[in-house]
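Trainee: Quick note, the working numbering runs 153 ahead of the 1-based positions in the sequence shown.
All C-beta atoms, glycine included, are put in the ideal place defined by N, C-alpha and C.
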Amino acid sequence: DDLIPIFNKMSKSKKVVTLTGAGISCNAGIPDFRSSNGLYNMNPSSRPIKGKDLFDISLFNSHETISDFAIFMSKLYSETQKAQPTKTHNFISNLSKENRLVRCYTQNIDGLEAKLGLKMDFEQNQEKTLLQTWKNLDVIQLHGDLNTLSCTCCYKAINWSNEDFETLSSGELPECPNCIAKRDERIELGKRVTSSSLGRLRPNIVLYGENHPFSSIITTGLNSDLKSRPDLFIIMGTSLKVHGVKQLVKSMSQSVHSKNGIVILINKDIITGWNGIIDYQIQSDCDEFI
């Protein structure tokens with residue numbers, strides 16, 4: 154009976170915002186971060202290092218951790234290529250098809266939403282204004298996208314090639330083809346070339362200690378979403394540990410409550426300290442509830 158008002162609100166809502174975490178991809182075979190079998194507890198090499206250390210910008214301080222990072226990410230990329238969207242991903246896709254999805258914010262880097270046709274690529278829309286670009290996006294990847302690589306020098310994002318996968322699997326970062334082309338052009342023109350102008354490709358994810366490359370678009374777009382006054386905010390598969398995400402939840406909840414909407418968390422674990430911000434916590438596997 155307690156669930157009846159929740160189901161009523163979910164079915165009647167016109168403007169829905171979702172926030173998702175690793176818990177929605179576990180049923181697709183992708184490990185989460187913080188559980189005992191999660192990514193943060195995996196040891197990708199014989200060295201005393203944990204997966205968590207490979208999501209921190211400081212990994213670039215040594216060749217050993219760069220090598221561990223490359224191997225670890227190539228394995229994770231391989232898993233995401235095989236994975237299929239879950240019931241929860243399909244639920245988000247259906248909200249979009251019904252024109253009820255304001256935005257899905259995700260902490261996930263697996264990009265499974267794209268396999269359902271949801272729009273999540275910032276790069277395709279550079280000819281449009283910032284807000285036009287934003288309104289064309291269904292999903293905002295707060296922590297980047299494992300399905301592309303970006304250059305450490307020119308920052309160009311490109312798709313993985315088989316050759317890139319082999320290089321990363323061997324513990325090395327591939328050279329950037331864009332930088333190579335620019336270097337060759339400079340050589341042809343008789344211009345000076347420095348080693349620092351040749352970048353390497355790394356997975357296009359946001360590590361702890363670095364900014365999102367589209368942070369200005371996300372800030373402007375989030376403010377636009379807050380002003381659109383959504384009437385339902387569903388948080389799924391996350392324990393809300395990341396500072397920036399906590400701030401997003403507080404702001405979005407305030408906006409939803411101003412429209413007499415509700416905020417729901419669906420997660421395997423109950424979280425504390427969110428009274429007055431999250432209205433209902435449903436302790437459940439996301440797919441089972443959805």
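Starting from the C-beta of aspartate 422, find all residues in its chain whose C-beta is less than 8 Å away, skip the five residues before and the five after it, and write them out in chain order.
Mentor: Ser392, Gln436
Trainee: With respect to the beta strand (DSSP E) encompassing threonine 171, which residues constitute its N-terminal and C-terminal limits?
Mentor: Taken as a continuous stretch (DSSP letters only), the beta strand (DSSP E) holding threonine 171 covers 169-173.
Trainee: My output table needs one value for cysteine 179: the three-state DSSP class, helix, strand or coil.
Mentor: In this structure, cysteine 179 counts as helix in the three-state DSSP scheme.
Trainee: Mark arginine 353 as exposed unless 16 or more other C-beta atoms lie within 10 angstroms of its C-beta, in which case mark it buried.
Mentor: buried
Trainee: Examine the Cβ distances between the segment 334-348 and the segment 246-255 and report whether three or more of them are shorter than 8 Å.
Mentor: The segment 334-348 vs the segment 246-255: no contact.
Trainee: How far does the alpha helix (DSSP H) with methionine 500 in it reach, from first residue to last?
Mentor: With the chain covering 154 to 443 only, the question about residue 500 has no answer from this structure.
Trainee: Would isoleucine 293 pass as a contact of threonine 241 if the rule is Cβ separation under 9 Å?
Mentor: Threonine 241 sits away from isoleucine 293, with the two beta carbons spaced by 9 Å or more.
Trainee: Round the Cβ separation of asparagine 180 and aspartate 440 to the nearest angstrom and send it over; I've been treating them as touching at under 8 Å.
Mentor: 5 Å
Trainee: In angstroms with no decimal places, state the Cα-to-Cα distance between threonine 373 and valine 359.
Mentor: 19 Å
Trainee: Going by the CB atoms, is the gap between leucine 295 and glycine 397 shorter than 9 Å?
Mentor: yes
Trainee: Taking 7 Å as the limit between beta carbons, can you name the residues of its chain near leucine 379, skipping five residues before and five after?
Mentor: Answer for leucine 379: Ser404, Met405, Ser408, listed in chain order.
Trainee: Sort out for me which residues DSSP pairs glutamine 294 with in a bridge.
Mentor: Thr259
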